[in-house]
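According to this note's numbering, the residues represented by the sequence shown are 157 to 270, in order. Notes for the one structure printed next.
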Amino acid sequence: MASDIEIARAATMKPISEIGDRLDIPSDALQPYGHYKAKIGFDYLKSLRSESDGKLILVTAITPTPAGEGKTTTSVGLGDALNRIGKRTAICLREPSLGPCFGMKGGAAGGGYA
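Okay, structure coming up:
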């Protein structure tokens, strides 16, 4: 199995504009901070209020299992499952756990195949 650093070095980041396109977010609604991250304008978010097909799932609290599966693992699993059945998904992790989901312990913000 590849180490976390090998996985990270082999990964190619996608421009945030490409991610926005995949989620049907117009480019003028994105406020880019470099090539790989952006904020979404509040006016665009307000324009979505009348849409009936969008859903928001908040994973806010959970007691981790003995294996360490908690909010991050649950959120990633939900996103993957919904994507597998054809739903477009986006996951926002404030301070993700690296534990069992990505095969390592330690700090936050992704590791391995995150």
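The beta-carbon is built from N, C-alpha and C at its ideal position, and this holds for glycine as well. From a predicted model like this one, the values you see are computed outputs, not experimental measurements.
* Asked: Going along the chain, which unbroken runs of the alpha helix (DSSP H) with 4 or more residues stay wholly within the region 186-235?
  -> 198-203
* **Contact set for G197: own chain, Cβ-Cβ below 7 Å, skip 5 residues either direction** => A185 and Q187
* Asked: Which value, in whole angstroms, describes the spacing of the CA atoms of C248 and T221?
  -> 22 Å
* Span of the alpha helix (DSSP H), counted from its first residue to its last, around A158 -> Premise fails: A158 is in no alpha helix (DSSP H) and is neither H nor E.
* Asked: Does DSSP classify G176 as helix, strand or coil?
  -> helix
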